[in-house]
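One structure below.
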Amino acid sequence: MSWENILSHERAKKILQRAILEDKIASAYLLWGLEGIGKDSLALEFAKTVNCLNPIIRKDEIIACDNCRSCKQAKALTHPNIQLIYSLPSGKGSDTTSESPLAKLSDEQISEITEQLKLKSENVYHKISVPNATQIKIASIREVKKNLLLTSNTSGRRVVIVLNAEEMTTEAANAFLKTLEEPHENITIILTSSKKEMLMQTILSRCQQIHCEPVPELVVAQYLVDNYDKSPAEAKIIANFSQGSVVTAIEFLNENIQDMRTDIVETLRSALKKNYRIELSQQLEKLASSKDKNKIETSLKMLQIWMRDYLIFVKTGSIDAMINQDQKERIIKFSELFPEADIPSVLSEIEHSIYRLRRNANLQLLLMSLFLKIRKFLLKVDF
Ligand SMILES: [Zn+2]
Numbered sequence: 018m019s020w021e022n023i024l025s026h027e028r029a030k031k032i033l034q035r036a037i038l039e040d041k042i043a044s045a046y047l048l049w050g051l052e053g054i055g056k057d058s059l060a061l062e063f064a065k066t067v068n069c070l071n072p073i074i075r076k077d078e079i080i081a082c083d084n085c086r087s088c089k090q091a092k093a094l095t096h097p098n099i100q101l102i103y104s105l106p107s108g109k110g111s112d113t114t115s116e117s118p119l120a121k122l123s124d125e126q127i128s129e130i131t132e133q134l135k136l137k138s139e140n141v142y143h144k145i146s147v148p149n150a151t152q153i154k155i156a157s158i159r160e161v162k163k164n165l166l167l168t169s170n171t172s173g174r175r176v177v178i179v180l181n182a183e184e185m186t187t188e189a190a191n192a193f194l195k196t197l198e199e200p201h202e203n204i205t206i207i208l209t210s211s212k213k214e215m216l217m218q219t220i221l222s223r224c225q226q227i228h229c230e231p232v233p234e235l236v237v238a239q240y241l242v243d244n245y246d247k248s249p250a251e252a253k254i255i256a257n258f259s260q261g262s263v264v265t266a267i268e269f270l271n272e273n274i275q276d277m278r279t280d281i282v283e284t285l286r287s288a289l290k291k292n293y294r295i296e297l298s299q300q301l302e303k304l305a306s307s308k309d310k311n312k313i314e315t316s317l318k319m320l321q322i323w324m325r326d327y328l329i330f331v332k333t334g335s336i337d338a339m340i341n342q343d344q345k346e347r348i349i350k351f352s353e354l355f356p357e358a359d360i361p362s363v364l365s366e367i368e369h370s371i372y373r374l375r376r377n378a379n380l381q382l383l384l385m386s387l388f389l390k391i392r393k394f395l396l397k398v399d400f
C-alpha cells in the first residue's frame, strides 16, 4: 500500500504529507466523511510513512519505502508504534476491570478479529467487521492510555487510530478526552468517522479536522474494472449506486443488482396497471420482506436512477446519457405510454421516501404511499 493505492483524497493526502515534511504534525486528527471511502487507509498510510526508516522524499511528497522493517510491520498491522482501536463484541462479565479489552472474548472471537485484521492488511478497502461489535469499550481506551505511558523501545512516532470513533461509549469517550487533553510528545491520535455529529464537541475541538470527499464515480468504476474484472458498463452502474463509497461498491459486487433493479421496475409497472391494488401489494410485500433498510434504500435509488434516465430522455431525446443502457427500449416505451408524466415530482417523492425510510417502522405503508404517488404523477390521475 502506498498513498497512490488509496483512490482520490488528494487534498487529505497533501495535508498529511505536508505536516510530516514540515514537522508540524498535529497531536490529533479527525478524518471524516462518508463511510467506505478510504479514511482508515489514509490514517494507516500516514502512520506507516511517519515510521518508515527510508522514506522517499520528492518535492512536496513523502512516501513510505514499503520495504524497510518498519513498513513491513506497518503493512501487516503488527507495528509496535501503531495501535488500531475498533469496536469489539461484549465479552463475558462486567467491563469495569482494568483487563485487556480482549481478555473476556472467546477464542473464536479472537480468531475472528485476527482474520479481520489480516483481510484489512491485504485490502485497503476491507471493512473490519466483527459480529456483534458495535461499541468501542472503555477497556480499549484504558489500554491506549496504558500503552502511551510506557516508554517505546522503537524509534519513530506512535500513532493511535480509532476507527469509527462515534462508536465509543460515553464512558470511553470521556476517558479518551483526557488523553486528548494531554498531548504527548511524539504521539498522534487519528479518529475516523462517518458520523461526525455523534462525536462530543469537546473531542472535535481537540482535533484538526480533515474532510474526505466521496470518491468520484468514474474513479470507483475504473477501480472495479481493474480489480474485480467488471465490464465498464457493469462497473458504471455499480459505481453510480455506490455514491462514492468504494466499500459499498465492493459490497454490491455480491448483490445481484440486475435482479434488484428488475424487481423494482416490476413494482413500478404493477403500480401503473388498471387494477393495480393486489399485484402492487404483493410486489411491495416482497420488497419489504427482507426488512433490510439498506437493501430497500438501494432499490429506491435504483428506481431513482431509472426515472432520471427517463427524464433525460424526455428532455433531450438522448440515449447516450442513460445509465441503464440495457433498459433503453423499456424507458423509451414508458415515455410513449405516459407522455404527461410529471417525473420531477416522482424523483422528489422517491428522495423524500429514502429520507423517511430510516425513521419509519412501517415499511410497507411507506412504500405503498410512495407508489400511489408515483402512479398519480405518471398517469396524471386524481384520486
Ligand atoms: Zn519504509
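Just so you know, the sequence shown maps onto residues 18 to 400 in this note's numbering.
Glycine residues also receive a C-beta, built at the ideal position from the N, C-alpha and C atoms.
Worksheet item: What residues in its chain sit with their C-beta under 7 Å from that of Ala338, if we drop five residues either side in the sequence?
Response: Residue numbering aside, residue 338 sits at position 321 when the sequence shown is read from its first letter. Only Ile329 meet the Cβ criterion.
Worksheet item: Just the residues with CB closer than 7 Å to a heavy atom of ligand 1, in chain order, which are they?
Response: Cys69, Leu70, Asn71, Pro72, Ala81, Cys82, Asp83, Asn84, Cys85, Ser87, Cys88
Practice prompt. Assign Arg278 to one of three DSSP states: helix, strand, or coil.
Written response: Stepping through the sequence shown from its first residue, residue 278 is reached at position 261. In this structure, Arg278 counts as helix in the three-state DSSP scheme.
Discussion item. Less than 8 Å between the beta carbons of Ile155 and Ala189, yes or no?
Written reply: Here residue 155 is taken as the residue at index 138 of the sequence shown, counted from 1. Here residue 189 is taken as the residue at index 172 of the sequence shown, counted from 1. Against a cut-off of 8 Å, the Cβ pair of Ala189 and Ile155 comes out as a contact.
Discussion item. Within the continuous beta strand (DSSP E) that includes Lys101, where are the two ends?
Written reply: As a first step, residue 101 must be located in the sequence shown, where it is residue number 84. It is Leu, not Lys, that sits at residue 101 in the sequence shown. Start and end: 99–102.
Item to complete: Use the C-beta contact count for Ala64: other C-beta atoms within 10 angstroms, 16 or more gives buried, fewer gives exposed.
Response: For the purposes of this step, residue 64 is taken as residue 47 along the sequence shown, with counting starting at 1. With 16 or more Cβ atoms within 10 Å of its Cβ, Ala64 is classed as buried.
Worksheet item: By a C-beta neighbour count over all protein chains shown, 10 Å radius and 16 as the cutoff for buried, is Leu380 buried or exposed?
Response: The sequence position of residue 380 within the sequence shown is 363, counting from 1. It counts as buried.
Worksheet item: Opposite Arg175 in the DSSP bridges: which residues?
Response: By one-based count along the sequence shown, residue 175 stands at place 158. DSSP, once it has assigned bridges, lists Ile204 as partnering Arg175.
Worksheet item: Beta-carbon separation of Ala91 and Asn68 under 8 Å?
Response: By one-based count along the sequence shown, residue 91 stands at place 74. By one-based count along the sequence shown, residue 68 stands at place 51. Yes, the pair counts as a contact, with Cβ atoms nearer than the cut-off.
Discussion item. Between which two residues does the alpha helix (DSSP H) holding Ala60 run?
Written reply: By 1-based counting over the sequence shown, the position of residue 60 is 43. Unbroken alpha helix (DSSP H) run through Ala60: 56–68.
Worksheet item: Any Cβ of chain C within less than 8 Å of the Cβ of Val264?
Response: Reference to chain C is not applicable here, since this structure consists of a single protein chain.
Practice prompt. Would you mind reading off the limits of the alpha helix (DSSP H) that contains Ala305?
Written response: For the purposes of this step, residue 305 is taken as the residue at position 288 of the sequence shown. First-last of the alpha helix (DSSP H) with Ala305: 294–306.
Item to complete: Tell me Ser74's beta-bridge partners as DSSP assigns them.
Response: Working through the sequence shown from its first residue, we reach residue 74 at position 57. Looking at the sequence shown, residue 74 is not Ser but Ile. Beta-bridge analysis with DSSP links Ile74 to Ile79.
Discussion item. Between which residues of its own chain and Arg223 is the CB-CB distance below 6 Å, once the five residues before and five after are set aside?
Written reply: Residue 223 sits at position 206 when you count from the first residue of the sequence shown. Ala45, Leu197.
Item to complete: Report yes if the CB atom of Ile145 is closer than 8 Å to the CB atom of Leu94, and no otherwise.
Response: Stepping through the sequence shown from its first residue, residue 145 is reached at position 128. Stepping through the sequence shown from its first residue, residue 94 is reached at position 77. Taking 8 Å as the Cβ cut-off, Ile145 and Leu94 do not qualify as a contacting pair.
Discussion item. Please state the DSSP three-state secondary structure of Phe400.
Written reply: As a first step, residue 400 must be located in the sequence shown, where it is residue number 383. Only weak support is given to the placement of Phe400: the predicted model assigns it a pLDDT of 48, under 50, and the value that follows is read from those uncertain coordinates. Correct three-state label for Phe400: coil.
Practice prompt. Answer yes or no: do Phe388 and Ala288 have a C-beta to C-beta separation smaller than 8 Å?
Written response: Position 371 of the sequence shown holds residue 388. Position 271 of the sequence shown holds residue 288. Taking the C-beta atoms as reference points, Ala288 is found nearer than 8 Å to Phe388.
Worksheet item: Between Asn257 and Asn203, what straight-line distance do the alpha-carbon atoms span, to the nearest angstrom?
Response: Numbered from 1 along the sequence shown, position 240 holds the residue referred to as residue 257. Numbered from 1 along the sequence shown, position 186 holds the residue referred to as residue 203. Asn257 and Asn203 have their C-alpha atoms some 42 Å from each other.
Discussion item. Less than 7 Å between C-beta atoms, sequence neighbours within five positions excluded: which residues of the same chain meet that for Glu78?
Written reply: Within the sequence shown, residue 78 is the residue found at index 61, counting from 1. Closer than 7 Å at the Cβ level, and outside the excluded window around Glu78, lie Gln34.
Worksheet item: Under a three-way DSSP split, which group does Ser417 fall into?
Response: There is simply no residue 417 to check, as the chain begins at 18 and stops at 400 in what is shown.
Worksheet item: Taking the alpha carbon of Ile420 as the point to measure from, which residue in Asn377, Arg375, Glu357 has its own alpha carbon closest?
Response: For the chain, the structure presents residues 18 to 400; residue 420 sits outside this window and is missing.
Fill in: Nearest neighbour of Thr209, chosen from Gln225, Gln239, Lys195 [CA to CA]
As a working note, residue 209 is residue 192 in the sequence shown. Ranking the options by Cα distance to Thr209, first place goes to Gln225.
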